[in-house]
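Counted the way the working numbering counts, the sequence shown spans residues 74 to 364.
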Amino acid sequence: MRFRERNRSRLRFRLRSRLESLLNLSLNLSLLWALAFFMVSALGCRDKGSAPEGMVLIPAGEFIMGSNKTDTEGKGTEFGSVKPWYLDEHPERKIKLKAYYIDKFEVTIREYKKFVDATNSRAPEHWIDGKPPTGRENFPVTNVNWYEADRYCRWAGKRLPTEAEWEKAARGPDGMEYPWGDKYDSKKANTGDSGFGDIAPVGSFPEGRSVYGVYDMSGNVWEWVDDWYKPYPGGDYRSDKFGEKNKVLRGGSWGGGVHYSLPLFYRGAYRFYTTPERGFPDAGFRCVKDR
């Protein structure tokens, strides 16, 4: 009897030990699975998300660039436009881009002042004694030419956007006419008929941001991009302004200074141009960064 009891005790002890081992193993496996899940989730979030401070991720993929519109009513001639309406946007086509980051807002006077101080660069001409206007630190910097905009972006570890990158960030993947949709709305951007009457601080028109969350892609100030003003591949328009002599600006401005305004100018596909040495009181820029 004692021998049997002893064997039972030993058996119970072994069973208890095995159960405890299995429980410990199960707990350890659960902890490992939980840790693995956390790490994968964290890596996934980082991969999807985190753009550099002040920038927005534009995902890889196709988008619609350009347009096939024509000025059937002769409005360009009526308004004395320096170039025919729409023709340099031809043809509408799909383009595929890699993912990249773009500044959420136009480069501000505050940000540009840091560049001027750090590099001893020329201050914009309207800064008295090299000092920016008081109280306008959060306004987009203006009166900078293409070369100065390019130098700032490189100094900041970024670059000027290509026309395609700028247009995708403004129009989204489906080629909307304006950042907010296909219908012009002067209340969603700082345009000539919005009633603001001056350049606005960046981000003042949140309802006009693009589908990617980029602000002021329409109105406020024109924006330099990297490209020379050239015909698009397959385009049917020819101009003596094409070539490596004029750089492109996008987005339209508030309508003051030297540029008048029409809804045409605020379309995401509209192309303006000038020589890279010129700066304007209603022209600024933003930067992009490779992912």
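No residue lacks a Cβ here, since even glycine has one placed at the ideal position from N, Cα and C.
(message) Does the contact criterion of 3 or more C-beta pairs under 8 Å hold for the stretch 120-135 versus the stretch 156-170?
(response) yes
(message) For R227 and I272, what's the separation of their Cα atoms in angstroms?
(response) 25 Å
(request) Would you identify the three-state DSSP class for V189, choosing helix, strand or coil? (result) helix
(request) Taking A222 and F358 to be in contact with their CB atoms under 8 Å, please state how far apart those CB atoms are, rounded to whole angstroms. (result) 4 Å
(message) By the three-class DSSP mapping on this structure, what secondary structure does T150 have?
(response) helix
(message) Can you confirm whether S334, when its beta carbon is compared against all beta carbons of chain D, has any partner nearer than 8 Å?
(response) Any reference to chain D falls outside this structure, which holds one protein chain only.
(request) Tell me whether V214 is buried or exposed, calling it buried when 16 or more other Cβ atoms sit within 10 Å of its Cβ. (result) buried
(request) Return helix, strand or coil for E296, following the three-state DSSP convention. (result) strand
(request) Leaving aside the five residues before and after P246 along the sequence, list all residues of the same chain whose C-beta is less than 7 Å from its C-beta, in chain order. (result) G134, E135, F136
(message) With DSSP as the reference, identify every bridge partner of W301, one or two as the case may be.
(response) K320
(request) Just mark G281 as buried or exposed, buried being the case when its beta carbon has 16 or more other beta carbons within 10 Å. (result) buried
(request) Go ahead and label Y220 buried or exposed: buried means 16 or more other beta carbons lie within 10 angstroms of its beta carbon, across all protein chains shown. (result) exposed
(request) Take K303 as the anchor and find which of E146, V189, E236 has the nearest alpha-carbon. (result) E236
(message) Using 8 Å as the threshold, is the C-beta distance between G292 and N263 below it?
(response) yes
(request) Report the partner residues of M138 according to the DSSP bridge assignment. (result) R166
(request) Would you identify the three-state DSSP class for R359, choosing helix, strand or coil? (result) coil
(request) List the endpoints of the continuous alpha helix (DSSP H) containing Y436. (result) Lying before the first or after the last residue shown, residue 436 is absent from the chain, which here runs from 74 to 364.
(message) Could you tell me the alpha carbon to alpha carbon distance between M249 and D202, rounded to whole angstroms?
(response) 43 Å
(request) Decide if T143 is buried, meaning its Cβ has at least 16 other Cβ atoms within 10 Å, or exposed. (result) exposed
(message) According to DSSP, is G328 part of a helix, a strand, or is it coil?
(response) coil
(request) Determine the closest residue to K187 out of H199, P205, A124, with distance taken between C-alpha atoms. (result) P205
(request) On a CA-only basis, which of R166, V155, G316 is nearest S365? Give me that one, please. (result) Outside the modelled stretch of the chain, which goes from 74 to 364, sits residue 365, for which no answer is possible.
(message) If I follow the unbroken beta strand (DSSP E) through M128, where does it start and stop?
(response) 128-131
(message) So, at 6 Å on beta carbons, what are the nonlocal neighbours of F110 in its own chain, with the 5 sequence-adjacent residues on each side left out?
(response) Low local confidence applies: a pLDDT of 36 at F110 is under 50, so the model's placement there is unreliable, with the coordinate-based value given in what follows. Cβ within range, chain order: n/a, list empty.
(request) Report the option in W301, S277, Y346 whose CA atom is closest to the CA atom of M290. (result) S277
(message) Please report the distance separating the alpha-carbon of D161 from that of G230.
(response) 32 Å
(message) On a Cα-Cα basis, can you pick out the residue from Y339, R323, D300 that is closest to G254?
(response) Y339
(request) Output the distance between the C-alpha atoms of P125 and D313, rounded to the nearest integer angstrom. (result) 40 Å
(request) Could you say which of V284, W327, G268, G307 lies nearest to E22 if we only look at CA atoms? (result) The shown model of the chain, from 74 to 364, leaves out residue 22, and the question about it has no answer.
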